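Beneath this line is the structure, given in structure tokens, with notes to follow.
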Amino acid sequence: MIQFMDSIGNRWCRQRHIINPTFTNAKLKLMSPLIADSINKFMENIEKEQFEEFDIYPYFKQLIMDIICK
């Protein structure tokens, strides 16, 4: 797995060059409805817990995977 947070120097420049085209304003605007849909599903799942104490980690994990896979 590529680690972006601790990259420095030439490695960081190379990674940014590869990833940067993915995050243009136009592409992010296209992704907004998909992200919003995933967040709405996430919220529906959270509301099913009826505000009792629960482990939120699996819900966040699913949210992130949904967003990444779209």
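Note that this note's numbering has the sequence shown beginning at 1092, numbered continuously upward.
For each residue, glycine too, the CB sits at the ideal point set by N, CA and C.
All values derive from a computational prediction rather than experimental measurement.
- Query: If we ignore side chains and look at the alpha-carbon of each, how far apart do Glu1135 and Gln1141 end up?
  - Reply: 11 Å
### Message
Output needed for Leu1125: all residues of its chain with C-beta closer than 6 Å, excluding positions within five of it in sequence on either side, in chain order.
### Response
Lys1161
For Arg1102 and Ile1158, I'd like the C-alpha separation in whole angstroms. 26 Å
Let's test the definition: count the other Cβ atoms within 10 Å of the Cβ of Ser1129 and tell me whether it reaches 16, buried, or not, exposed. buried
Length of the line joining the Cα atoms of Asn1147 and Leu1119: This sequence places Ile at residue 1147; Asn is not what is there. So the alpha carbons of these two residues sit roughly 26 Å apart.
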